[in-house]
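Input: a single structure, listed below in structure tokens.
Numbering (the numbering used here), first residue to last: 1 to 1150.
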């Protein structure tokens, strides 16, 4: 009698059967362990995404992992891509790796299913199975398997032929007929046919359950997941659904009971498990060899490169300490097997620099390596700045080195192409990353599937604070808890969403990661093809590192593109060539600008919090700039380190050291422990640890290890200190004080590297401000909010912004007679190719009119939508017509342009007779311009902001008696002051507070500037219904400095209501010239009478006396109380030219 408890699940879909499998790997393995199962398979649909985490978790839990996949098998060739929307019918087939060769073949099959066979699904064909069948075990799969489908058609002969093919591909001993019984009628037919086939062929039966979720009760949640996958609602009848709830993780007893007629099919699951002998190794490195010249080794090549770089970097200043440091690093690099890695990275950086691609000075801990510096990988001298190699590469700590490199983002793809060309497309790929269902997204997706009104679902989703799980939010948010306990529908919504939260939803390409293998990459990991047809790994970067492969981050940094553009502009404007890597680091202009907080556009330093910190620190050297980047982080801010550092720097507080022996280490930061490297230096100097040991201690301290481990560490520290002549009490004191700082400490290598870029951008801004701002606007031209912001910055710096102009503008922002000319590609619907056509046509002379323009540009590139946007943006004002007239004539002009183009390939208007040209211009008819409001709306539509004016202009005088300041003046007002301001809402972000109540952050703008406002639940509740983008509001509140100046809102009122509730008087200042005519004054009086209303505003007239004798103030009787609205204000301004009109609260006489 067999041990009925021994059963192995061989058909299992984990969370990596995206939006289909619901079994989280950790829970899956825990379930198997709880049920006493000693083996478990993974067979996700068409991929191997999850096999490594599954393998490692299973081994760690004492369960033997079985690696497989359920492939999609096409009946034709995998290369066939039928044109109809429905792909050729696909069958399922389970493939399991029997051994190492089988695993390699599984990887190859999976890779080619994507790279060669992808069409809706990753597909395999018979050819692939024939070629890579060795070492694989085949199970005939579910009802969608090829054999079961043939049986259901009643064609047992064909089913036999299919089985024979599998035997031919995989070998007789590796093929199993798969029995499944989930209570589906067709399965009973298939079981009968499979049993018959087994008897005829001698191929054994094996029992499986098509596992998609863990518990039978999960059926309904899984059904919701299928709706999310297909974008359907649960109530829809015609949608993908499972007809059974039996696809859960059953116990061995359940499986034996289910197949009590075929106990041997259950026993055979153990037989399959025991056939598999696959052991994956994770302690081997698979690094590519760098191609070196004949007779050279990689070690000799790197040494030669270092010696050459050493002379170039240090010249006559090479001393014994530098030589010893270099030797030390080279020995460790060689011992750890990373010589080729350094050569590869140095070669990539060298290629970029030689081809004019901007490369960052360094990033992360790699800046602490002298080898990286002398080979040109970084531009930071680690010796000058006290940076440590062991922080980067520690022989005591296993793991791949991590050299991340910044390149200018616009040319990053060139670098990747170089890597592919150098090492071969088979050896290089970009890296996958998984997008998961976040808490809010899960709630919204489930709400959509359950057909709950979106507004309600959205409100519930917003109650979950960012970064918090649904389960925790329900416990901690009173309002969400109330909903959960009081509403059955919403409780179900939250329960289902919580069950699905965190599942992988989609696989995409990592923004920067590239992997290079020593040969064919698919010999090590499976590959896939993304939506753009680009090859990427199926494993994410963490798994690739575990597999011992070389992963690099080829990062695109916009700031480097900004620097490149600025340098080019400086060269054109001033004929000056600047070596950005060798700037003078003592430039007074730069430090003066930074100390004033004028750091807009400066890398890492442009947030309001950074500006405030710069003004407090007042950096006067590069070494004083470096700590600022390290200080401005939550840890140091929360620990009071910023105030401590600043007070010590400026002499307001005595500089003290934990022990005199630490002065040399901490003097640069005035006794404050700021850097991780300082912690390492302290451990080395006080306790005598090597730098490698000191790095391990730093890591242990920063991770707040358990009390027992920390006590042991403390004992080692004190023992080492005693050997250095430091008594136990001092050592204990130093250890206790240093430990909390280790958690806050920042990587000095990274800080220094980024401080270099910060200084470079600051230097360019301080010394070439116009070129810098033009470059900055160009780089940010795709981000409307940033363009608005930087245009205002440029205006504050004294630069005029010239409107876009088809006769003067280029694609990007440009310099024109000391002003900034707006770029055409920053206009909606105007692409680069269109601008190229415009600029090319303009070489034959300025455009004379709209038809002239349409006859000379390529209308295939400069289409109607493009020209319409140019007109709305004011870029065609130069043609001498109103925008309304140009828009009216546009279609006729375009028709004329098309006709001229068809008549002649060379339809250049300047070659036409002058009288013909005049006839062209007659297409445009004079027409009155749009009203200001409509013109501004068009500008906002295509530019993203108002260029020629601002909607707030009409309120300026009316609000004079209400507001306390304009927004451009707000930075000069002390924090803590109460203010009343007005502006148009341009940004609004609604969130949920910790109590689950809705609140909002919103930004208002007037003609002079903008400010962020924070409306907590109490004020937001009253304003939510009108607080929308574009609304003009009056805000009263208190100024607060917290990561920038903000208004903490007391009250928000729509502007019209504010005029009524916050004012009682309409003031009209009448010019002397208007008063000279009695008729004028009578018409004014009649106009006021026509606008009177009960409960309106009292009218006060300010009448100029003339000859500088001041003015007379006349308050009209209450019977002349006036209604105040746009019609009244507009009417007054039209009637009384040059008058001033404003509202105020006054003490009323009589």
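Just so you know, even glycine gets a beta-carbon here, dropped at the ideal spot from N, CA and C.
State the DSSP-derived secondary structure class of residue 758, mapped to helix, strand or coil. Three-state DSSP puts residue 758 in a helix.
Completely contained alpha helix (DSSP H) runs for the stretch 183-239, where each covers 4 or more residues: Within the stretch 183-239, the complete alpha helix (DSSP H) runs of at least 4 residues fall at 185-201, 219-230.
Between the stretch 741-761 and the stretch 352-365, do three or more beta carbon pairs fall short of 8 Å? At 8 Å Cβ cutoff, the stretches touch.
Residue range of the unbroken alpha helix (DSSP H) whose run includes residue 657: First-last for residue 657: undefined, no H or E at that position.
So which of 167, 258, 236 has the shortest CA-CA distance to residue 188? Here the closest residue by C-alpha is 258.
Return helix, strand or coil for residue 1102, following the three-state DSSP convention. Under the three-state reduction of DSSP output, residue 1102 falls in the strand class.
Say whether the stretch 319-337 touches the stretch 348-357, bearing in mind that this needs 3 or more beta-carbon pairs closer than 8 Å, one atom from each stretch. Contact fails: fewer than three Cβ-Cβ distances are below 8 Å.
For residue 527, the first and last residue of its enclosing alpha helix (DSSP H): For residue 527, there is no enclosing alpha helix (DSSP H); the enclosing beta strand (DSSP E) covers residues 527-529.
Enclosing beta strand (DSSP E) for residue 1159 [first to last residue]: The first residue shown for the chain is 1 and the last is 1150, placing residue 1159 beyond what the model contains.
Residue 558 lies in the beta strand (DSSP E); which residues open and close that run? Under the DSSP assignment, residue 558 falls outside any beta strand (DSSP E), being part of the alpha helix (DSSP H) whose first and last residues are 558-574.
Under the rule that 16 or more other beta-carbon atoms within 10 Å means buried, what is residue 773, buried or exposed? Of the residues assessed, residue 773 falls on the buried side of the cut-off, its CB having 16 or more other CB atoms within 10 angstroms.
Let me know if residue 1094 comes out buried or exposed under the rule of 16 or more other beta-carbons within 10 Å of its beta-carbon. So residue 1094 counts as exposed.
Check the DSSP bridge columns for residue 984 and list the partner residues they point to. Its beta-bridge partners are 1005, 1032.
Across the stretch 523-535 and the stretch 386-398, are there enough close Cβ pairs to call them in contact, namely three or more that are closer than 8 Å? The stretch 523-535 is not in contact with the stretch 386-398.
Cα-Cα separation, residue 536 to residue 432: Those two C-alpha atoms are separated by around 6 Å.
Starting from residue 1075, trace the alpha helix (DSSP H) in both directions and tell me its first and last residue. For residue 1075, the uninterrupted alpha helix (DSSP H) segment begins and ends at 1072-1075.
List the DSSP bridge partners of residue 430. Residue 430 is bridged to 514, 536.
With 16 as the cutoff for other CB atoms within 10 Å, does residue 240 come out buried or exposed? Only exposed fits residue 240, as fewer than 16 other CB atoms lie within 10 angstroms of its CB.
Which residue from 745, 925, 245, 815 puts its Cα closest to that of residue 572? Nearest of 745, 925, 245, 815 to residue 572, Cα basis: 815.
Separation of residue 465 from residue 473, as counted between CA atoms: Near 7 Å, if we compare the C-alpha coordinates of residue 465 and residue 473.
Please report the straight-line C-alpha distance between residue 1145 and residue 1099, rounded to a whole angstrom. Rounded to whole angstroms, residue 1145 to residue 1099 spans 12 Å at the Cα level.
Selection from 1006, 1079, 102 that minimises the alpha carbon distance to residue 946: Answer by Cα proximity: 1006.
Proximity test, Cβ basis, 7 Å: residue 254 and chain D: Included in the structure is just one protein chain, with no chain D present.
For residue 6 and residue 551, what's the separation of their Cα atoms in angstroms? Just so you know, the alpha carbons of residue 6 and residue 551 end up roughly 41 Å apart.
Taking the continuous beta strand (DSSP E) assigned at residue 1046, which residues delimit it? For residue 1046, the enclosing beta strand (DSSP E) has its first and last residue at 1045-1054.
Report all residues from its chain with a CB closer than 6 Å to the CB of residue 221; omit the five preceding and five following residues, and keep chain order. Here the set comprises 496, 499.
Burial state of residue 105 (16 or more Cβ within 10 Å): The residue in question, residue 105, is buried, as its Cβ has 16 or more Cβ neighbours within 10 Å.
By how many angstroms is the C-alpha of residue 831 removed from the C-alpha of residue 853? When only Cα atoms are considered, residue 853 and residue 831 end up about 17 Å apart.
Please determine, among 1029, 1041, 991, the residue with the shortest C-alpha to C-alpha distance to residue 1017. Comparing Cα-Cα distances from residue 1017 to each of 1029, 1041, 991, the minimum goes to 991.
Please list the segments of the beta strand (DSSP E) lying wholly inside the stretch 436-522, counting only runs of 3 or more residues, in order along the chain. As far as the stretch 436-522 is concerned, its whole beta strand (DSSP E) runs of at least 3 residues are 504-516.
For residue 139, does the three-state DSSP call read helix, strand or coil? Of the three classes helix, strand and coil, the one that applies to residue 139 here is strand, per DSSP.
I'd like to know whether the C-beta atoms of residue 771 and residue 593 end up nearer to each other than 7 Å. One thing to note: residue 771 has its Cβ no nearer than 7 Å to the Cβ of residue 593.
Straight-line gap, residue 907 to residue 841 (C-alpha atoms, nearest Å): Caution is warranted here: a pLDDT of 43 is assigned to residue 907, below 50, making its placement in the model unreliable, and no coordinate value can be reported.
Rounded to whole angstroms, what is the Cα-Cα separation between residue 681 and residue 658? Going by C-alpha positions, residue 681 is about 14 Å away from residue 658.
Using 8 Å for Cβ pairs, my map puts residue 965 next to residue 942. What's the rounded Cβ distance? Contact flag wrong, Cβ pair sits at about 32 Å.
Residue span of the beta strand (DSSP E) that contains residue 173, given as start and end: Careful: residue 173 lies outside any beta strand (DSSP E) and carries neither H nor E.
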